[in-house]
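Trainee: Residue numbers for the sequence shown follow full-length UniProt numbering, so the first one is 1 and each next one is one higher.
Before we start, here is the structure in question, set down as structure tokens.
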Amino acid sequence: MTSPSARRLKERGSRDLWLDAAYQALIEGGVDSVRIQVLSDRLNLSRTSFYWFFESREELLEALLDRWEQTNTRGFVAAAEAYAETPAEAALNLLACFIVGQQFDAGFEFAVRSWALQSDDTMERVRRADETRMEALRVMLRGFGFDEIDADVRARTIYLVQIGYISMQTRETVATRLARVAAYVRIYTGTEATPSEMARFLAPFGYRLGDDGQPAPVKRGTG
């Protein structure tokens, strides 16, 4: 028999349930789709149940931006701060962050940046996040001996290229992106990734460094 408290929870949902629905609506249709009635219909919950968890739509939107910062900005900074013995290895850590997508949600990033074009407050949050991320890059590069100007320009180059992929909705296969990684590392850092660094980078994608020095898919056994 279902307890009264469990029944009430089912009728109201939960804060995370409403926030997850708002996230999906934002990704699929932009901020104008994040409406209480739309979400209640999506969740098959009453509109009034929303107010158990959020005072208003504005509070929900703030929670969405908090989630975006916790996911993307925190993930990006963690990649910039990850252990690396060389500038090339540090650049590979960052590229993996974007290609794998576990630390950085590209769809979320695009949706928030599109939203910022309609909202000065959201644009301010985006600009602060951009500065936090670029400062993490500058710190990373200065740690490898780059001077202030060099670190700043290289940080901007890395960041603006990767965000440009998202803003321009560039569509590339993983194989295409991996084929360009070594050149990106050289341009970003002025150094070459070693074969062992490239091998470690490629392995999680199911690739290896081929005899020609280019990424090649790992052949799986059929036994």
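Each residue gets a CB set at the ideal place from its N, CA and C atoms; glycine is no exception.
I'd like the list of long-range same chain contacts for Leu45, defined as Cβ closer than 6 Å, with 5 residues on each side in sequence excluded.
Mentor: Contacts found: Gly13.
Trainee: Taking the runs of the alpha helix (DSSP H) that are 4 residues or longer, which of them lie wholly in the segment 18-70?
Mentor: Listed in chain order, they are 36-43 and 57-68.
Trainee: Thinking C-alpha only, which one of Tyr51, Ala111 and Met140 is nearest Leu65?
Mentor: Ranking the options by Cα distance to Leu65, first place goes to Ala111.
Trainee: Just mark Thr73 as buried or exposed, buried being the case when its beta carbon has 16 or more other beta carbons within 10 Å.
Mentor: So Thr73 counts as buried.
Trainee: I want to check one thing, is the minimum distance from the CB of Leu137 to the heavy atoms of the ligand SAM below 8 Å?
Mentor: For the ligand SAM, the structure offers nothing, since it holds no ligand at all.
Trainee: Short check: CB of Leu92 to CB of Val185, under 9 Å?
Mentor: Cβ distance < 9 Å, so Leu92 and Val185 count as in contact.
Trainee: Along the chain, where does the beta strand (DSSP E) that runs through Ala216 open and close?
Mentor: Pro215 to Pro217 is the span of the beta strand (DSSP E), which, as asked, contains Ala216.
Trainee: Kindly indicate which residue of Met168, Asp150, Trp115 and Lys219 has the alpha-carbon position closest to the one of Gly29.
Mentor: Closest by alpha carbon: Trp115.
Trainee: Looking at the strands, I want to know which residues DSSP matches up with Tyr159.
Mentor: DSSP output for Tyr159 lists no bridge partner at all.
Trainee: Quick check: Ala129 and Met140, are their CB atoms within less than 9 Å of each other?
Mentor: Against a cut-off of 9 Å, the Cβ pair of Met140 and Ala129 comes out as no contact.
Trainee: Ordered along the chain, which non-local residues of its own chain (more than five positions away) have a Cβ less than 8 Å from that of Thr132?
Mentor: The answer, listed in chain order, is Thr73 and Val77.
Trainee: Please report how far the alpha carbon of Asp121 lies from the alpha carbon of Val31, in whole angstroms.
Mentor: Roughly 13 Å separates the two Cα atoms.
Trainee: Count the other CB atoms, across all protein chains shown, that sit within 10 Å of the CB of Phe193; report buried if there are 16 or more and exposed otherwise.
Mentor: The question names Phe, but residue 193 in the sequence shown is Ala. Classification of Ala193: buried, given that the 10 Å Cβ count is 16 or more.
Trainee: Going by DSSP, name the residue or residues bridged to Leu207.
Mentor: The amino acid occupying residue 207 in the given sequence is Tyr; Leu does not appear at that position. Paired residue(s): Pro217.
Trainee: Of all the options Gly101, Phe144 and Arg35, which has the alpha carbon lying nearest to the alpha carbon of Glu85?
Mentor: Glu85 has its Cα closest to that of Phe144, out of Gly101, Phe144 and Arg35.
Trainee: Residues in its own chain within less than 7 Å of Met198 by CB, not counting five upstream and five downstream?
Mentor: These residues qualify, in order along the chain: Ala182 and Leu209.
Trainee: Can you give the beta carbon distance from Leu178 to Pro204, rounded, assuming they're within the 8 Å contact cut?
Mentor: Going by Cβ atoms, the distance from Leu178 to Pro204 rounds to 11 Å, so no, they are not a contact pair.
Trainee: Compare the Cα-Cα distances from Thr189 to each of Thr48, Gln37, Leu160 and Val153 and report the closest residue.
Mentor: Answer by Cα proximity: Val153.
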